[in-house]
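J.: Right, I'll just put the structure down here and ask away after.
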């Protein structure tokens with residue numbers, strides 16, 4: 488595996504779901520132009536449009552932080568208008584004052600590198616009680632998993648907080664943020680009544696994540712050949728895998744089956760954007 | 035470090051210093067989002083990323099600074115700041131989101147707009163893709179230099195001293211450009227030229243944007259500024275006024291991208307914005323002998339060469355040691371190539387790695403690649419090529435997919451010929467040879483020439499082999515399903531004679547609508563072409579080509595969707611366009627693709643290509659330089675060819691006249707042509723020799739591949755230098 492490879496929440500999600508998928512995507516870099524599986528039961532075209540709306544929303548929010556007005560009538564459809572309206576009604580006063588949108592950071596984990604791209608980093612290094620909050624915009628459509636516990640378990644949460652605590656020094660006057668100073672906040676675009684989910688962080692969480700990430704990255708990077716990357720044991724994962732037909736695993740195409748119990752667990756508009764921003 | 039301008043030959047260590055500076059900044063806990071690294075192409079960005087990630091130990095935290103090309107930065111910023119500038123730039127209505135066009139889609143819209151006026155260009159005998167390319171090139175150069183589209187005709191006409199008919203053509207180019215620009219402004223479409231124009235005229239001087247770049251780009255690193263256009267230098271000039279530090283590098287000799295708008299003189303003005311100009315004299319990657327050879331040869335093309343290119347004997351003696359044994363000086367091109375192949379085999383046998391060898395020619399045609407590949411394959415040596423663009427439609431996999439798209443859309447009424455279907459079947463079905471495929475195609479198209487129908491009569495399968503029934507049936511059913519919105523399901527195809535799961539009556543197409551072409555192909559790949567009995571999954575390159583085509587079709591379709599273009603908005607007439615917009619967009623794509631209008635192979639920047647690392651590189655000389663390749667051994671082919679010296683025929687654009695350095699009103703004379711060719715030749719030779727570590731092999735034949743006898747200036751210069759040193 489390329490020594491300069493940067494792991495991300497996206498690639499780690501793939502590895503955890505199926506090491507073979509990780510191998511095909513990130514090591515062999517194999518293009519496999521099948522209909523993109525999607526976990527939320529949309530038709531392929533609707534799914535593409537849904538992803539695009541998510542990307543547009545991120546750009547609009549970035550403009551918001553830069554003070555560039557986005558005309559409200561430029562929303563391509565009702566869903567986007569709704570998200571934007573929800574966003575404009577959010578209260579941000581309780582976030583630290585400095586707002587840095589679309590920030591990429593890389594942190595070492597042993598000999599490996601871990602990449603995270605924050606939708607927004609809100610931090611305040613000038614006060615004694617400095618803190619840093621990662622804010623992530625989510626366009627989840629399901630209400631199955633809106634608990635803090637569910638979000639805290641997500642690979643994205645663990646990767647992002649670890650990266651901030653490890654590599655955030657340039658945003659704290661040259662001193663690393665203590666894990667207790669870091670937290671993550673998810674904004675749920677479709678749930679204006681429960682818009683925020685906050686995840687705190689601690690030294691114990693940090694140590695636990697470091698050990699876990701180190702083991703995971705060691706395993707993911709230690710393979711020499713394709714055979715070293717076994718197929719995932721959960722065949723359900725194949726339904727959302729691009730390489731399903733390559734592995735000759737049955738299971739049909741995800742969109743024909745409708746939403747399942749794992750809905751949204753591995754789906755994330757940001758992951759697509761993040762993956763595109765890394766030059767593998 | 036304050037503001038430093040670093041200049042030197044290739045291999046002097048400039049990029050290394052730039053990367054060291056980047057590492058130093060990140061290691062000093064400078065906020066990564068306060069660092070801007072500008073590179074000339076994506077591959078350089080990757081090299082910087084690799085260097086950054088391989089630093090060990092000195093610091094724990096590593097950031098992710100912006101490492102990008104100037105064009106990537108401009109596009110991103112135009113998109114981000116669009117609401118600030120849309121109205122002033124003339125977009126109507128201004129509140130729409132911008133839709134970026136790639137080369138393909140820009141060519142498509144321009145083609146539709148220019149079509150009624152094509153007859154006006156007949157006298158130039160240009161193919162349509164080349165005509166479109168030159169109109170776009172004029173627009174790009176205008177944007178990169180900062181003059182208006184309405185100056186194109188005047189600039190070109192003022193410099194022209196030939197037949198007056200050309201002046202009419204220049205005006206037509208300008209009219210086409212203006213019409214395309216108006217269409218783009220009316221639909222919020224931004225081709226490359228409009229992105230750069232908007233960036234230069236409206237964004238760069240907007241106070242909000244100036245505040246943004248002042249706050250963000252505190253440390254600026256820019257590699258190979260000489261390979262960039264004036265607008266990039268304008269941007270750097272502005273950033274340099276407020277940043278804390280900068281490091282700019284210039285390759286000398288450089289400016290090989292002049293045909294893409296690079297301007298060395300404009301780059302050099304940045305020196306005055308810097309506190310210090312550091313010159314690195316020594317090249318560490320080329321041998322003294324190849325450098326001497328470069329000096330001796332390039333002197334033949336420089337005005338200051340004493341007594342018509344006389345070279346001191348010490349230099350020419352050293353230069354001669356850089357030349358390998360001449361691999362071919364035969365009568366015919368094929369003989370020259372055999373000599374080259376023999377030499378490469380010998381080098382590899384003696385322990386040289388294939389990737390240390392480059393074969394360079396003024397142009398690299400398919401026949402050259404084919405011959406090299408076939409000849410070297412016998413000794414197990416692989417060949418990789420880097421060529422600027424390849425017509426997408428030339429690839430057999432693309433033709434196969436186009437044939438299947440036509441058969442999957444009988445309502446398009448695009449008939450398929452027997453040879454087309456036969457080739458498509460032979461390319462896609464495992465172990466099916468062309469003769470058998472021809473038989474199947476003949477029977478199938480006799481039943482219907484617009485769609486595949488079930489062939490349940492056993493006699494045909496008894497002739498070609500029963501094993502081909504099942505893949506044919508899968509394909510037939512897959513095509514029928516892929517064009518509908520039916521959910522995907524596993525096809526059933528057991529044996530001939532069994533009623534098929536879906537049988538469309540011949541020439542009575544069921545109306546299908548709403549499935550975009552890219553999804554049609556994806557569905558076909560998912561259900562059929564990636565399944566056992568089909569051979570696509572066995573060839574990585576075939577899958578990659580499929581992927582590229584599908585992405586190209588998707589980008590094409592998304593432009594129409596995102597700009598909310600209805601059929602009525604499309605430029606030009608569209609007789610017989612499918613009533614549903616998805617079908618019509620697909621139809622347009624296929625028509626444009628098969629007319630070779632989409633001639634530039636679609637290669638997304640972030641998509642890794644199939645790179646064969648341990649392979650001999652075959653490339654046009656300028657492509658080699660632009661990509662900054664280095665080799666231990668270089669083979670220069672066809673040194674007699676005029677192609678080494680002459681500019682590509684571009685009657686409708688001009689790299690020197692459409693530049694900031696040109697004084698409008700002057701005539702472009704033979705003397706100008708001679709002077710610029712000599713200068714480019716000199717730079718080309720030095721550029722190549724600085725990138726060769728050991729030896730250069732010169733190969734020639736008396737007759738070129740087309741049977742012409744040529745004696746170009748390169749061969750004459752070599753004769754002078756080598757001849758003199760032989761006498762010594």
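Residue numbers (our numbering), protein chains in the order written: chain C, 488 to 767; chain V, 35 to 762.
Glycine included, each C-beta is placed from N, C-alpha and C at the ideal position.
Taking Cβ-Cβ distances shorter than 9 Å, what residues in chain V pair up with residue 556 of chain C?
T.: Near residue 556 of chain C (Cβ distances below 9 Å), the residues of chain V are 117 and 118.
J.: Ignoring anything shorter than 3 residues or poking outside the stretch 280-348 of chain V, list the beta strand (DSSP E) runs there in chain order.
T.: Correct list: 310-313.
J.: Taking the CB atoms as reference points, tell me whether residue 280 of chain V and residue 314 of chain V lie closer together than 9 Å.
T.: Cβ atoms of residue 280 of chain V and residue 314 of chain V: not closer than 9 Å.
J.: What are the complete alpha helix (DSSP H) segments, minimum 4 residues, inside the stretch 605-669 of chain C?
T.: Counting only runs of 4 or more, we get 635-640 and 642-654.
J.: Can you list the alpha helix (DSSP H) stretches of 4 or more residues lying completely in the stretch 217-259 of chain V, in chain order?
T.: 226-232 and 241-250, all fully within the stretch 217-259 of chain V.
J.: Taking a contact to mean a Cβ-Cβ separation below 9 Å, would you say residue 630 of chain V touches residue 425 of chain V in this structure?
T.: Closer than 9 Å, so yes.
J.: Rounded to the nearest angstrom, what separates residue 294 of chain V and residue 172 of chain V at their Cα positions?
T.: Between residue 294 of chain V and residue 172 of chain V, the C-alpha separation is close to 10 Å.
J.: Could you name the residues of the stretch 578-599 of chain V whose beta carbon sits closer than 7 Å to any beta carbon of chain C, in the order they occur along the chain?
T.: Residues 578, 580, 581 and 584.
J.: Between which two residues does the beta strand (DSSP E) carrying residue 670 of chain V extend?
T.: Segment 665-670, the beta strand (DSSP E) holding residue 670 of chain V.
J.: What separation, rounded to the nearest whole angstrom, lies between the Cα atoms of residue 227 of chain V and residue 178 of chain V?
T.: So the two alpha carbons sit approximately 8 Å from each other.
J.: Check whether the Cβ atoms of residue 126 of chain V and residue 81 of chain V lie closer than 9 Å to each other.
T.: Result no, Cβ atoms of residue 126 of chain V and residue 81 of chain V do not sit closer than 9 Å.
J.: Could you work out which residue in V:391, V:369 and V:368 is closest to residue 379 of chain V when comparing CA atoms only?
T.: For residue 379 of chain V, the nearest C-alpha among the options comes from V:391.
J.: Exposed or buried, which one is residue 756 of chain V when buried takes at least 16 other CB atoms within 10 Å?
T.: Buried, by the Cβ-count rule.
J.: Helix, strand or coil, according to DSSP, for residue 77 of chain V in the structure here?
T.: Residue 77 of chain V: helix per DSSP, three-state reduction.
J.: Could you tell me which chain V residues have their CB closer than 7 Å to the CB of residue 570 of chain C, listed as they occur along the chain?
T.: What residue 570 of chain C touches in chain V: nothing, since even the nearest Cβ is about 15 Å away.
J.: Determine, using beta carbons only, whether residue 502 of chain C comes closer than 9 Å to chain V.
T.: With 9 Å as the cut-off, residue 502 of chain C does not count as an interface residue toward chain V.
J.: In terms of residue numbering, what span does the alpha helix (DSSP H) encompassing residue 481 of chain V cover?
T.: Start and end: 468-481.
J.: So residue 67 of chain V contacts chain D; which residues on that side make the cut at Cβ distance below 7 Å?
T.: Looking for chain D here will not work: the only protein chains present are C and V.
J.: Using the Cα positions of residue 639 of chain V and residue 76 of chain V, report the straight-line distance between them to the nearest angstrom.
T.: Confidence at residue 639 of chain V is low in this model, with a pLDDT of 34, below 50, so the placement of that residue should be treated as unreliable; the coordinate-derived value is given next. Cα-Cα distance, rounded: 7 Å.
J.: Please name the residue or residues paired with residue 726 of chain V in a DSSP beta bridge.
T.: Partner(s): V:665.
J.: Using a Cβ-Cβ cutoff of less than 7 Å, which residues in the same chain neighbour residue 286 of chain V once the five nearest sequence positions on both sides are dropped?
T.: 41, 42 and 43.
J.: What's the gap between the Cα of residue 448 of chain V and the Cα of residue 477 of chain V?
T.: Their Cα atoms are separated by approximately 18 Å.
J.: Does the Cβ of residue 284 of chain V have 16 or more other Cβ atoms within 10 Å, making it buried, or fewer, making it exposed?
T.: Buried, by the Cβ-count rule.
J.: With a CB to CB cut of under 7 Å and the five nearest residues on each side skipped, what residues in its chain are close to residue 491 of chain C?
T.: No residues qualify anywhere along the chain.
J.: In the DSSP assignment, the alpha helix (DSSP H) including residue 552 of chain C goes from what residue to what residue?
T.: Here the alpha helix (DSSP H) through residue 552 of chain C covers 531-553.
J.: To the nearest angstrom, report how far apart residue 131 of chain V and residue 599 of chain V are at their CA atoms.
T.: Roughly 13 Å between the two C-alpha positions.
J.: Are the C-beta atoms of residue 539 of chain C and some chain V residue less than 9 Å apart?
T.: Chain V contact via Cβ: present.
J.: Taking residue 567 of chain V as the reference, give the member of V:462, V:625, V:622 and V:671 with the closest Cα.
T.: The shortest Cα separation from residue 567 of chain V among V:462, V:625, V:622 and V:671 belongs to V:462.
J.: Taking the beta carbon of residue 493 of chain C as the centre, do at least 16 other beta carbons fall within 10 Å, making it buried, or is it exposed?
T.: Result: buried.
J.: Along the beta strand (DSSP E) that carries residue 653 of chain V, what are the first and last residues, could you check?
T.: Residue 653 of chain V -> beta strand (DSSP E) spans 649-654.
J.: Exposed or buried, what is residue 682 of chain V when buried is set at 16 or more other beta-carbons lying within 10 Å of its beta-carbon?
T.: Burial call: exposed.
J.: Just to confirm the assignment, what range does the beta strand (DSSP E) spanning residue 585 of chain C have?
T.: Taken as a continuous stretch (DSSP letters only), the beta strand (DSSP E) holding residue 585 of chain C covers 585-596.
J.: Thinking residue 74 of chain V and residue 225 of chain V are a contact (beta carbons under 8 Å), I'd like their distance in whole angstroms, please.
T.: That belief does not hold up - the Cβ atoms of residue 74 of chain V and residue 225 of chain V are roughly 21 Å apart, past 8 Å.
J.: Going along the chain, which residues of the stretch 208-242 of chain V sit with their C-beta nearer than 8 Å to a C-beta in chain C?
T.: Residues passing the 8 Å Cβ filter: 242.
J.: With 9 Å as the threshold, decide whether the Cβ of residue 661 of chain C is near any Cβ in chain V.
T.: Yes, contact with chain V.
J.: Who are the neighbours of residue 566 of chain C on chain V, taking C-beta pairs under 8 Å?
T.: Ordered by position in chain V, no residue passes the 8 Å Cβ test against residue 566 of chain C, which lies about 15 Å from the chain.
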